[in-house]
């Protein structure tokens, strides 16, 4: 297969995949190195990358980090199941899209405005984008292809991404589990022994303890949770 | 007011729904498309010759087809409010003309980068001094580098179909940038033509703002409070890089619109008599005149073909190149002085020396078919009567 989209770094000023003639795959199919292939072929190549390249990492976006829609909790559980089957897998979230100034904590999160910083610092050579809004996934995937040697996998709930080395479209919980099964199959073929293990806790996140929370912790938003003088709030949503 | 609407997808509306013929103006055709598009909000600011369109859209609002409608303070306010409403997740429409378009341009050129889905009617008019309200489509040249999708309607039927299709194209997840539908002021907006329309009880499926490549809004909406278009204005390499890939994403989105132009409108070009020695290439109202010149030429047995360009952005480079590959001369009639269509055509083919720059009319001048015929006769080395003013 000729590779229209290759693992980077492709250079200082990357040409976008669509401008190179890569088109999104139709329903039921996937993209592999910019070519339209069967979903299983793309999943097998992606699985092999996750199992053979260093520091495989899943980057979950806002759409799977918050339980905001009926099917999200199940999909997020499936992502954890998948992570547990990938040896040495880490999870580094992309919780929002605001550029992090003055400096991002690259151990804690990834950001679409400078995703390569997290990839390079953690020496990530294979990654999955899932639950990231398409616009920001496209930006990130192109910047990663430009400046790093990371193999990118897009597991998109919508139409997929031309910039990823492997792009699976219309991904929901069942599809994540299907990918997990294919990954286990490829892992066995490669003779890699592994006991399902959950990824490590994010080292930069503080321990969650909301017991001593005060209005001061809400900073500039504290007025939103405090009643005004004489105000009696009887009902809340 | 509650109307009994049946909601359908755009494929059904444009390609399957039964239609009845009406004899209406271009302004009416655009408003009738808006009536069937399940528009949540329309924002108006008057300017001739567009005023007719938003006036009629106001009538539609009064009839209950649109949820919100108001007159903004001026065009920059209009276009800014359109961006705000679209970011809140509602389907929006506005229209403007010439100087109004340029007044709103600062906001308009920010729409694609903000991934704002909306439909903009452009009813063309002179923009330069001295003041004139007459048709001239030079304003479209200013939109061509903004990143928005640009469709150019030949007549009242196109104006109806393109406007309706625009609402579907703009909301596609892989596009999600504005779509403009331009046509010539007065020549189309105030002139009547036959338009086949489906029943007004049929309407385009309502939008799902969560089926989008960006979060709905910078606010407390699911899945979380997310800042959507943070400024990336630090003076460092990373800021430059994110901005450059962001710009690429705008044009990639524009490029992705092409498949939907095929799906809904049959493609970005219409070609008659391919392989002819002389090819006429035109868009908008000039295409109607070029079509007529093509008909004259056919009656005279001349080797003349015709390419109508429906989509200015994305620009159909491959289709134009293919349509003109056997041409010995290409004639590009236009309604503006600079010849923006001619420049695009020249840039699309390897042998641009075969392109005749014109005929062009502007400042409200009509484009007589005889003007195009004169160029055809010249190209074929035939004697012709020069049109006298």
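Protein chains in written order, with our numbering: chain E, 433 to 669; chain V, 510 to 898.
By construction, the Cβ of each residue, glycine as well, lies at the ideal position given by its N, Cα and C atoms.
Where residue 641(V) falls: helix, strand or coil (DSSP): coil
Closest Cα partner of residue 830(V) within the set 848(V), 868(V), 790(V), 807(V): 790(V)
Which listed residue (828(V), 691(V), 770(V), 847(V)) has its alpha carbon closest to that of residue 794(V): 691(V)
Beta-carbon separation (whole angstroms), residue 464(E) vs residue 594(E), contact threshold 8 Å: The distance from the Cβ of residue 464(E) to that of residue 594(E) is about 12 Å, inconsistent with a contact at the 8 Å cut-off.
Chain V within 8 Å of residue 456(E), Cβ atoms only: yes
Straight-line gap, residue 477(E) to residue 554(E) (C-alpha atoms, nearest Å): 22 Å
Residue 597(E) classed as buried or exposed, judged by whether at least 16 other C-beta atoms fall within 10 angstroms: Answer is buried; the Cβ neighbour count reaches 16.
Per-residue DSSP class, three states only, for residue 559(E): strand
Under 8 Å between C-beta atoms of residue 825(V) and residue 859(V): Not closer than 8 Å, so no.
Touch test, the segment 563 to 571 of chain E against the segment 481 to 493 of chain E, Cβ-Cβ under 8 Å, three pairs minimum: yes
Three or more C-beta pairs below 8 Å linking the segment 597 to 607 of chain E and the segment 763 to 773 of chain V: no
Beta-carbon proximity list for residue 579(V), same chain, < 8 Å, skipping 5 on both sides: 552, 553
Spatial distance of residue 659(V) from residue 653(V) (CA atoms): Going from the Cα of residue 659(V) to the Cα of residue 653(V) covers about 8 Å.
Secondary structure of residue 533(V), DSSP reduced to three states: The answer is strand: DSSP assigns residue 533(V) an E or B state.
Contacting residues, own chain, Cβ-Cβ under 6 Å from residue 461(E) (five flanking each side not counted): 468
CB contact below 8 Å: residue 571(E) versus chain V: Residue 571(E) counts as touching chain V.
Through-space distance from residue 892(V) to residue 834(V), alpha-carbon basis: Rounded to the nearest angstrom, the two C-alpha atoms are 26 Å apart.
CB contact below 8 Å: residue 567(E) versus chain V: yes
Residue burial classification, residue 450(E) (beta-carbon count within 10 angstroms, cutoff 16): buried
Length of the line joining the Cα atoms of residue 438(E) and residue 516(V): 43 Å
For residue 514(E), three-class secondary structure by DSSP: helix
Continuous beta strand (DSSP E) assignments of at least 3 residues falling wholly in the segment 568 to 656 of chain V: 577 to 580, 601 to 605, 628 to 633
Spatial distance of residue 541(V) from residue 671(V) (CA atoms): Our two residues, residue 541(V) and residue 671(V), have alpha carbons roughly 12 Å apart in a direct line.
Status (buried if at least 16 other CB within 10 Å, exposed otherwise) for residue 630(E): exposed
Cβ-heavy atom distance, residue 519(E) to the ligand ATP, below 7 Å: Ligands displayed in this structure: none; no statement on the ligand ATP is therefore possible.
Where the alpha helix (DSSP H) containing residue 681(V) begins and where it ends: Neither: residue 681(V) is in no alpha helix (DSSP H) and is coded neither H nor E.
Beta-carbon gap between residue 645(V) and residue 871(V) smaller than 8 Å: yes
Residue 612(E): first and last residue of the uninterrupted alpha helix (DSSP H) it sits in: 605 to 621
Minimum Cβ-Cβ distance from residue 525(E) to chain V less than 8 Å: Cβ-Cβ to chain V under 8 Å: no for residue 525(E).
Environment of residue 571(V) [buried if 16+ CB atoms lie within 10 Å]: exposed
Continuous beta strand (DSSP E) assignments of at least 3 residues falling wholly in the segment 754 to 784 of chain V: 778 to 781
Residue-chain proximity (residue 619(V), chain E), Cβ-Cβ < 8 Å: Not an interface residue.
Residues in the segment 613 to 638 of chain E having any Cβ partner in chain V nearer than 9 Å: Against chain V - using a Cβ distance shorter than 9 Å - the segment 613 to 638 of chain E contributes no residues.
Residue-level contact to chain V via CB, residue 599(E), 8 Å cutoff: no
For residue 434(E), the three-state DSSP class (helix, strand or coil): In the structure shown, residue 434(E) sits in coil (DSSP, three-state: anything other than H, G, I, E or B).
Counterpart residues of residue 693(V) in DSSP-defined beta bridges: 633(V)
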